[in-house]
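Asker:
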Amino acid sequence: MFAQSSSAQRNPKPDSYGDRNLTLVGANREPGKVALHVDALSKSYGDKDAVSGVSFDVRHGEIFGLLGVNGAGKTTLISMLATERPPSGGDALLLGHSIRHEPRTVRRMIGVAPQDFALYPTLTGAENLGFFGRIYDMRGAELSSRVEQLLDFVGLQDRGNDRVATYSGGMKRRLNLAVALVHRPKLILLDEPTAGVDPQSREDILKLVRRLRDDGNAILYTTHYMEEAEGLCDRLCFLDQGKVLAVGTQDALLRNLEFSEVIELKGLSPRVDLAPLRALGGICHVERHDGLVRLFVRRAADLLGPLQRIISRDKSVRLRIAPISLESLFLHLTGGEARE
Numbered sequence: 006m007f008a009q010s011s012s013a014q015r016n017p018k019p020d021s022y023g024d025r026n027l028t029l030v031g032a033n034r035e036p037g038k039v040a041l042h043v044d045a046l047s048k049s050y051g052d053k054d055a056v057s058g059v060s061f062d063v064r065h066g067e068i069f070g071l072l073g074v075n076g077a078g079k080t081t082l083i084s085m086l087a088t089e090r091p092p093s094g095g096d097a098l099l100l101g102h103s104i105r106h107e108p109r110t111v112r113r114m115i116g117v118a119p120q121d122f123a124l125y126p127t128l129t130g131a132e133n134l135g136f137f138g139r140i141y142d143m144r145g146a147e148l149s150s151r152v153e154q155l156l157d158f159v160g161l162q163d164r165g166n167d168r169v170a171t172y173s174g175g176m177k178r179r180l181n182l183a184v185a186l187v188h189r190p191k192l193i194l195l196d197e198p199t200a201g202v203d204p205q206s207r208e209d210i211l212k213l214v215r216r217l218r219d220d221g222n223a224i225l226y227t228t229h230y231m232e233e234a235e236g237l238c239d240r241l242c243f244l245d246q247g248k249v250l251a252v253g254t255q256d257a258l259l260r261n262l263e264f265s266e267v268i269e270l271k272g273l274s275p276r277v278d279l280a281p282l283r284a285l286g287g288i289c290h291v292e293r294h295d296g297l298v299r300l301f302v303r304r305a306a307d308l309l310g311p312l313q314r315i316i317s318r319d320k321s322v323r324l325r326i327a328p329i330s331l332e333s334l335f336l337h338l339t340g341g342e343a344r345e
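Sequential numbering from 6 applies to the sequence shown in this note's numbering.
(1) Tell me which residues share the same chain as residue 87 and place their Cβ nearer than 8 Å to its Cβ, disregarding the 5 neighbours each side in the sequence.
(2) Under 7 Å Cβ to Cβ from residue 120, same chain only, skipping five residues before and after it: list those, please.
(3) Measuring alpha carbon to alpha carbon, tell me which of 83, 129 and 334 ends up nearest residue 251.
(4) Just tell me which of 58, 186 and 93 has its CA closest to the CA of residue 51.
(5) So, for residue 4: in the same chain, excluding its five sequence neighbours on each side, which residues have a beta-carbon less than 6 Å away from its beta-carbon?
(6) Are the CB atoms of residue 225 and residue 241 within a distance shorter than 8 Å?
(7) If we ignore side chains and look at the alpha-carbon of each, how far apart do residue 307 and residue 239 end up?
(8) Please state whether DSSP places residue 184 in a helix, a strand or coil.
(9) Taking only beta-carbon atoms, is residue 215 less than 8 Å away from chain C?
(10) Would you decide whether residue 273 is buried or exposed? Buried here means 16 or more other CB atoms lie within 10 Å of its CB.
(11) Give the single residue among 291, 166, 217 and 325 whose Cα lies nearest to the Cα of residue 186.
(12) Which term fits residue 101, buried or exposed, when burial requires 16 or more other beta carbons within 10 angstroms of its beta carbon?
(13) So the alpha helix (DSSP H) residue 277 belongs to, where does it begin and stop?
(14) Looking at C-alpha atoms only, which residue of 57, 183 and 69 is the closest neighbour of residue 41?
(15) Looking at residue 291: is its Cβ nearer than 8 Å to the Cβ of residue 297?
(16) To the nearest angstrom, report how far apart residue 267 and residue 203 are at their CA atoms.
(17) Looking only at C-alpha atoms, which of 276, 65, 249 and 157 sits nearest to residue 219?
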């Protein structure tokens with residue numbers, strides 16, 4: 006079985022996350038150049054559209070965030086891009102190669118870290134990397150060097166000879182990422198790579214993803230954690246019910262909105278008439294769902310007095326003011342419902 010060398014075990018660097026001079030993925034990357042072009046990609050199951058006419062580009066040197074709640078179509082889209090499922094319509098080109106017409110070529114150019122671990126628990130971390138490296142025709146010294154390099158990168162150099170069954174959830178997530186990188190892919194697909202981990206493990210994984218971006222890699226990153234995407238992604242694509250709602254940088258998406266703050270009224274009786282609220286100047290949009298009313302406003306301070314008068318009869322109402330965020334933008338785009 007594949008074993009990690011003793012020199013790697015004698016010199017652990019658990020806090021370094023690897024030598025910054027290592028080339029972890031491919032060479033000859035051009036920051037800003039399109040790596041992946043997705044054109045009207047669709048997937049249907051009977052009369053249900055899981056993904057419908059999705060289009061976007063992913064560039065070298067960026068983290069492109071694909072955002073949406075569970076069931077929005079993110080994993081289905083990833084599976085098509087990874088050539089695991091054929092599209093029903095449209096196409097995607099990875100450096101000019103079609104997922105429809107050249108799936109074998111594309112498959113060898115993509116590294117996927119799926120939401121469900123692609124790991125063998127009875128094998129060690131080093132053995133897992135060695136196994137997947139051999140699938141991509143890596144052998145001998147090249148493979149041994151690559152395994153040590155990746156274990157060092159993800160901070161598992163001192164646990165490489167331990168069985169994956171003994172790893173924590175965060176360690177498995179990091180090894181899952183290393184497996185996606187073993188063959189130096191041209192595009193990295195990360196499907197919910199921080200799902201189910203503790204806050205420190207999440208930050209460790211995000212540091213690794215940023216490092217990959219800074220090295221010039223093209224990364225497609227799916228998540229339903231809006232606050233995670235805010236601090237990580239260079240550009241964003243909002244997906245809901247299989248359709249693209251908006252694409253762009255965070256600044257551009259928020260700048261184009263007519264509102265800048267959100268006032269939340271929690272516990273408001275459903276019998277309360279919202280017409281007086283809608284009539285107030287400065288309120289761009291009003292949404293009501295299960296006892297929660299959201300007011301998308303230009304300036305909250307101008308409305309606090311009138312609002313207090315309207316809701317003063319109901320002492321159970323709690324008022325909260327929040328700046329506009331990706332979460333509030335998503336709720337606005339979807340009509341206020343965070344569907345699961």
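The C-beta atom is built at its ideal place from N, Cα and C for all residues, glycine as well.
Answerer: Once the coordinates are examined:
(1) 112, 115, 117 and 194
(2) 80, 196, 197 and 200
(3) 334
(4) 93
(5) Here the chain covers residues 6 to 345 and nothing more, so residue 4 does not appear.
(6) no
(7) 33 Å
(8) helix
(9) Although the question refers to chain C, the structure presented lacks it and comprises just one protein chain.
(10) buried
(11) 217
(12) exposed
(13) From DSSP, residue 277 is part of no alpha helix (DSSP H); its letter is neither H nor E.
(14) 69
(15) no
(16) 29 Å
(17) 65
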